[in-house]
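Take a look at the structure set out below.
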Amino acid sequence: MEVIAITETKSKPKVALRRKNFEGICARCGHIRPLQLSHLDQESKTLSLKCKVCNELTTFPLIRVLKSGRVLSEAEYEERKKALATCIEYTPQQTYWIGQEIQHQRFQDKGTVVKKLKSDGGHHFIIVKFEKSGEKTLIEGADV
Ligand SMILES: [Zn+2]
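Be aware that the sequence shown starts at 3, since it is given in this note's numbering, and climbs by one per residue.
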């Protein structure tokens, strides 16, 4: 079965992917659980996912399903929406979302986070597509 999940960015709201396995908070367990696709309802744009631990079936709006398969809770979704709507100043200490818009003081440029990477040494990076400077790799989550 093909599932269309939606990754929210300001400009382009849709990303298609094939996926059977998801991860999100199960209503019965109350914890993040592996979830398996049970049903996709095109009409109401919802996914019914079965908890692999307790078999509880939960229906999630597609808009809260990330490309990675992670299903956001209502609170996480609201927080993410707020973060996506705000263009923040880049600092190496912060962590970022794919689709997030950031400003870089040194480049005097605005860009969108397009990819997240982890080096073998465990350092985290983001790839940002800047309007003028093009793609740049920046560090994130630095503990400086
Ligand atoms: Zn469960």
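All residues carry an ideal CB built from backbone N, CA and C; glycine is no exception. Only a predicted model underlies this, so the values are computations on that prediction, with no experimental measurement involved.
Hey, how far is the Cα of Lys-22 from the Cα of Lys-52? 11 angstroms
The beta strand (DSSP E) that contains Lys-2, what's its start and end? Here the chain comprises residues numbered 3 to 146, so residue 2 is not present and cannot be evaluated.
Residue environment, Arg-30, which counts as buried when at least 16 other CB atoms sit within 10 Å: exposed
Using a Cβ-Cβ cutoff of less than 6 angstroms, which residues in the same chain neighbour His-125 once the five nearest sequence positions on both sides are dropped? none
Contact between the segment 72-86 and the segment 97-115 (3+ Cβ pairs under 8 angstroms): yes
What does the alpha-carbon distance come out to for the pair Thr-48 and Ile-65? 8 angstroms
Is DSSP giving Leu-86 helix, strand or coil here? helix
Near Asp-122, what residues of its chain come up, given a Cβ to Cβ distance below 8 angstroms and the 5 sequence neighbours on each side ignored? none
Are the CB atoms of Val-116 and Lys-134 nearer to each other than 9 angstroms? no
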